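A.B. asks: Chains as they are written, first to last, in the numbering used here: chain A, 94 to 731; chain B, 26 to 128. Don't be surprised by glycine CBs; every beta carbon is placed ideally from N, CA and C. If you're wondering where the values come from, they're calculated on a predicted model, not measured in any experiment.
This is the structure we're talking about:
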């Protein structure tokens, strides 16, 4: 039986994008049911696809594949290929579930916005691109979708383009990820030069025969690209600023799916990385550093969404650690659970922001009483993020810890545990600051039904997804097992310490800890964190200012050399024209005028003899005759 | 002695020179006309002389001279009429004051 209906999963959302985009704004805003309906259909189809692949684990051969040639360049054919394997099927479901939840949620969250139709169109486009990327079995297609997601991300971050911050953030995000994308391009060039194809399966098969440097180059390029897309240090700077976009879009793109695309692509191409141990180590270091630094930065933010953004950076760092340790399954499982609980937290943050009319946690408090459902779902998400049993985050984080233990990466293990503790700390801080304490406002209201329902669904998934841990691994074709008790106890202890510290600082009702004292005590460290570890400052000095200096130098070069050359050419031309003009005026006109004035001169001279006296004419005639006769006589005589 | 062709030619040349001088130098239009007649006579004289001494056997020269004299007579008639017309118009018959053709 043909399974080409799988293709409908990404095609349906793009159809709704294509239908909505050309419509006038008012019509667009009235047919929001269309993107929601197509996305729900995609969700159903994705679940059907998962059923087809179930129980998975069947090695290399995908359940369904489709490929066609779309261009032939210089005798080399370029093809688009799709393949449905367990990894793709699982991520398809994750993406469609989160996208559907976000779309339903946005019905309530965005309904007052005048451009909500355009918002839905771009979200549809984005989801379609993500779904194609997941299904793609061809690196060129993957790259195209990678860029298309970058574009949608840019459009959604800058959705409120009339404000300055979203505008700047969208440009920053686009440019920073572009810096990473150069690595992807480089990897593609090297792959094509060595294999002559972009087909993932063939590339992975041929990779074993590459020279060691080639694999390192490809892996390095892909890692760099993934670091840009998945906001790993030092390319993470765009993600916190990207929070300027609509909150549901942040939930979908900057928490659950697009930022996970880097992890996904690396997981897909992990065999190439395994040929380059150096790159694997770099990935481990980058992931561990990002996990810790992201956690530290999240702990000092006051903006709800920024806390969650740094948290996302930190959690993506954990996934890179898992990949660096060689475990695609652990990374993908954490990707899956993280997608659910982080989008849940973002959707909750959206309700909080709507209710409190601010994003600053210092101005919030006591929301617990007025937002019961949001509080409950947010708590589930927060505990899952902190890694508390039996929620999803606990299982996926433990899997990473187990992998690190087995691979003997003890430094990375320490970093991951520290990052987990930090995660527990800042999420506790967030929770107490927002939900407990004195009430700041009286007019609090729970979110609309359409906003609450997706959060409840995601909370249920978050609560239960962890128990799928062994079956997920088996589905991916690995040995599935529950976390070991020692690991579970270790990580639970870490989470407890983090939560306890958070409670000690922010949760105790009797003793109010003066955080100012602690800030002063660690003023250097706090200052560094408040300045985002100087990343933006460094980039500003190095790249932005440097670019300005370069521009000035270029402007100077332009002003003196280029303009000089142009002006010199112009001047030469003017001089040449002057000469030509002079020639024209004096020589050509001179010849013409000279003829005329000669004629005039002659006329002037001869008019003297035109006296009108016939006798004088006669005299001349006679004189001339005499002269002629004399001449005749003389010549004859001679 | 016998008067030869040369004597007639010399006389004709003298007459012509006199006529030419008069035509060129005289102020009165009538005198100029008379001088022109003198020159015409010199030409006729030459014609007669050549006819007498060179081709005595044919009469062409004689007849031609006769015609020329007739034409001269008519010419003088018309010339005098012109002089009268000029005088009526310009109140003078002095050739030197007729400068309307001046360029």
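Using the Cα positions of residue 619 (chain A) and residue 113 (chain A), report the straight-line distance between them to the nearest angstrom.
C.D. replies: As a first step, residue 619 (chain A) must be located in the first chain, where it is residue number 526. As a first step, residue 113 (chain A) must be located in the first chain, where it is residue number 20. Using only the alpha carbons, I get a separation of about 48 Å.
A.B. asks: Quick check: the Cα distance between residue 196 (chain A) and residue 111 (chain A), rounded to an integer number of angstroms?
C.D. replies: As a position in the first chain, residue 196 (chain A) is number 103, starting the count at 1. As a position in the first chain, residue 111 (chain A) is number 18, starting the count at 1. Roughly 17 Å separates the two Cα atoms.
A.B. asks: If you measure between the beta carbons of residue 426 (chain A) and residue 492 (chain A), is that distance less than 7 Å?
C.D. replies: Position 333 of the first chain, counting from 1, holds the residue named residue 426 (chain A). Position 399 of the first chain, counting from 1, holds the residue named residue 492 (chain A). The answer is yes: Cβ separation under 7 Å.
A.B. asks: Leaving out five residues on either side along the sequence, give the residues of the same chain with a beta carbon under 6 Å from the beta carbon of residue 221 (chain A).
C.D. replies: Counting from one through the first chain, the residue named residue 221 (chain A) turns up at place 128. Closer than 6 Å at Cβ, skipping near neighbours: 103, 106, 107.
A.B. asks: Which residue or residues does DSSP assign as beta-bridge partners of residue 119 (chain B)?
C.D. replies: Indexing the second chain from 1 puts residue 119 (chain B) at position 94. BP columns for residue 119 (chain B) point to B:53.
A.B. asks: Could you check how far apart the C-beta atoms of residue 555 (chain A) and residue 459 (chain A) are, in whole angstroms? I think they sit under 8 Å.
C.D. replies: Position 462 of the first chain, counted from the first residue, corresponds to residue 555 (chain A). Position 366 of the first chain, counted from the first residue, corresponds to residue 459 (chain A). Between residue 459 (chain A) and residue 555 (chain A) the Cβ distance is about 25 Å, and since that is not below 8 Å, they are no contact.
A.B. asks: Can you find a CB in chain A that lies within less than 7 Å of the CB of residue 95 (chain B)?
C.D. replies: For the purposes of this step, residue 95 (chain B) is taken as the residue at position 70 of the second chain. Judged by the 7 Å Cβ criterion, residue 95 (chain B) is not in contact with chain A.
A.B. asks: Using a cut-off of 7 Å between C-beta atoms, extract the partners of residue 45 (chain B) located in chain A.
C.D. replies: Here residue 45 (chain B) refers to the residue found at position 20 when the second chain is read from its first residue. Correct list: 715.
A.B. asks: Tell me which residue opens and which closes the alpha helix (DSSP H) that residue 351 (chain A) is part of.
C.D. replies: What you label residue 351 (chain A) is simply residue 258 of the first chain in a count that begins at 1. Where residue 351 (chain A) is concerned, the enclosing alpha helix (DSSP H) stretches over 351-361.
A.B. asks: Let me confirm a value: residue 597 (chain A) is counted as buried when at least 16 other C-beta atoms fall within 10 Å, else exposed. Which label applies?
C.D. replies: Sequence index remark: in the first chain, residue 597 (chain A) carries index 504 (1-based). Counting Cβ neighbours within 10 Å, residue 597 (chain A) comes out exposed, since fewer than 16 surround it.
A.B. asks: Looking at the C-beta of residue 705 (chain A), does it have a partner C-beta in chain B at a distance below 7 Å?
C.D. replies: Taking the first chain and counting its residues from 1, one reaches residue 705 (chain A) at position 612. Judged by the 7 Å Cβ criterion, residue 705 (chain A) is in contact with chain B.
A.B. asks: So if DSSP puts residue 158 (chain A) in a beta bridge, which residue, or which two residues, is it bridged to?
C.D. replies: Numbered from 1 along the first chain, position 65 holds the residue referred to as residue 158 (chain A). Answer is A:176, bridged to residue 158 (chain A).
A.B. asks: Listed in chain order, which residues of the region 675-695 of chain A have Cβ atoms closer than 9 Å to some Cβ of chain B?
C.D. replies: Here the close residues number zero.
A.B. asks: Which full runs of the alpha helix (DSSP H) of 4+ residues lie inside the region 359-422 of chain A, going along the chain?
C.D. replies: Listed in chain order, the complete alpha helix (DSSP H) runs (minimum 4 residues) inside the region 359-422 of chain A are 363-367, 370-391, 397-417.
A.B. asks: Is any heavy atom in the ligand ATP found nearer than 6 Å to the beta carbon of residue 586 (chain A)?
C.D. replies: This structure lacks the ligand ATP; in fact it carries no ligand of any kind.
A.B. asks: Taking residue 561 (chain A) as part of the alpha helix (DSSP H), name the residues at either end of that continuous run.
C.D. replies: For the purposes of this step, residue 561 (chain A) is taken as the residue at position 468 of the first chain. First-last for residue 561 (chain A): undefined, no H or E at that position.
A.B. asks: Should residue 431 (chain A) go down as buried or exposed, given a rule of 16 or more other Cβ atoms within 10 Å for buried?
C.D. replies: By one-based count along the first chain, residue 431 (chain A) stands at place 338. Classification of residue 431 (chain A): buried, given that the 10 Å Cβ count is 16 or more.
A.B. asks: Who are the near neighbours of residue 309 (chain A) in its chain, counting only those whose CB is closer than 7 Å to its CB and skipping five residues on each side?
C.D. replies: Reading the first chain from its first residue, position 216 is the one you call residue 309 (chain A). So the qualifying residues of the chain are 369, 371, 372.
A.B. asks: Could you pull the DSSP bridge partners for residue 164 (chain A) from this structure?
C.D. replies: Looking up residue 164 (chain A) in the first chain gives position 71. Beta-bridge pairing links residue 164 (chain A) to A:171.
A.B. asks: To the nearest angstrom, how far is it from the Cα of residue 689 (chain A) to the Cα of residue 115 (chain B)?
C.D. replies: Position 596 of the first chain, counted from the start, is the residue given in the question as residue 689 (chain A). Position 90 of the second chain, counted from the start, is the residue given in the question as residue 115 (chain B). Whole-angstrom Cα-Cα distance: 37 Å.
A.B. asks: Does the distance from the C-beta atom of residue 561 (chain A) to that of residue 437 (chain A) stay below 7 Å?
C.D. replies: Counted from its first residue, the first chain places residue 561 (chain A) at position 468. Counted from its first residue, the first chain places residue 437 (chain A) at position 344. Taking 7 Å as the Cβ cut-off, residue 561 (chain A) and residue 437 (chain A) do not qualify as a contacting pair.
A.B. asks: With which residues is residue 77 (chain A) paired in a DSSP beta bridge?
C.D. replies: An answer regarding residue 77 (chain A) cannot be provided, because it is not within the stretch 94 to 731 covered by chain A.
A.B. asks: Do residue 300 (chain A) and residue 365 (chain A) have their beta-carbon atoms positioned less than 7 Å apart in this structure?
C.D. replies: On the first chain, position 272 is the one that residue 365 (chain A) refers to. On the first chain, position 207 is the one that residue 300 (chain A) refers to. Cβ distance < 7 Å, so residue 365 (chain A) and residue 300 (chain A) count as in contact.
A.B. asks: Just to confirm, are residue 383 (chain A) and residue 336 (chain A) a CB contact at a threshold of 7 Å?
C.D. replies: In the first chain, counting from the first residue as 1, residue 383 (chain A) sits at position 290. In the first chain, counting from the first residue as 1, residue 336 (chain A) sits at position 243. Contact: no.
A.B. asks: With H, G and I counted as helix, E and B as strand and the rest as coil, what does DSSP make of residue 323 (chain A)?
C.D. replies: Residue numbering aside, residue 323 (chain A) sits at position 230 when the first chain is read from its first letter. Residue 323 (chain A): coil per DSSP, three-state reduction.
A.B. asks: Inspect the CB distances between the region 346-357 of chain A and the region 463-479 of chain A and report whether three or more fall short of 8 Å.
C.D. replies: No contact exists between the region 346-357 of chain A and the region 463-479 of chain A.
A.B. asks: At least one CB of chain A closer than 7 Å to the CB of residue 60 (chain B): is that the case?
C.D. replies: Taking the second chain and counting its residues from 1, one reaches residue 60 (chain B) at position 35. So, not an interface residue.
A.B. asks: Are residue 227 (chain A) and residue 184 (chain A) closer than 7 Å when you measure CB to CB?
C.D. replies: Residue mapping note: residue 227 (chain A) aligns to position 134 of the first chain, counting from 1. Residue mapping note: residue 184 (chain A) aligns to position 91 of the first chain, counting from 1. Closer than 7 Å, so yes.
A.B. asks: Is the Cβ of residue 117 (chain B) closer than 7 Å to any Cβ of chain A?
C.D. replies: Within the second chain, residue 117 (chain B) is the residue found at index 92, counting from 1. It does not: the Cβ of residue 117 (chain B) has no partner Cβ on chain A nearer than 7 Å.
A.B. asks: Hey, residue 63 (chain B) and residue 40 (chain B): beta-carbon distance below 7 Å or not?
C.D. replies: Taking the first residue of the second chain as 1, we reach residue 63 (chain B) at position 38. Taking the first residue of the second chain as 1, we reach residue 40 (chain B) at position 15. Going by C-beta atoms, residue 63 (chain B) is nearer than 7 Å to residue 40 (chain B).
A.B. asks: With DSSP as the reference, please indicate the residues paired to residue 229 (chain A) in a beta bridge.
C.D. replies: Position 136 of the first chain holds residue 229 (chain A). Bridge partners of residue 229 (chain A): A:175.
A.B. asks: Taking C-alpha atoms, which residue in A:669, A:398, A:408 lies nearest to residue 385 (chain A)?
C.D. replies: Along the first chain, read from residue 1 onward, the residue named residue 385 (chain A) stands at position 292. Selected option, being the one with the closest Cα: A:408.
A.B. asks: Could you list which residues in chain A have their beta carbon closer than 7 Å to that of residue 85 (chain B), in chain order?
C.D. replies: By one-based count along the second chain, residue 85 (chain B) stands at place 60. Near residue 85 (chain B) there are no residues of chain A at all, since even the closest Cβ is about 27 Å away, more than 7 Å.
A.B. asks: Is residue 453 (chain A) helix, strand or coil by DSSP?
C.D. replies: Within the first chain, residue 453 (chain A) is the residue found at index 360, counting from 1. Strand, per DSSP.
A.B. asks: Kindly list the residues whose CB is nearer than 7 Å to the CB of residue 145 (chain A), restricted to its own chain and excluding five residues on each side of it in sequence; keep chain order.
C.D. replies: Reading the first chain from its first residue, position 52 is the one you call residue 145 (chain A). Answer for residue 145 (chain A): 96, 156, listed in chain order.
A.B. asks: Measure the CB-CB distance between residue 496 (chain A) and residue 566 (chain A) and report whether it falls below 7 Å.
C.D. replies: Mapped onto the first chain, residue 496 (chain A) falls at position 403. Mapped onto the first chain, residue 566 (chain A) falls at position 473. No. Outside cutoff.
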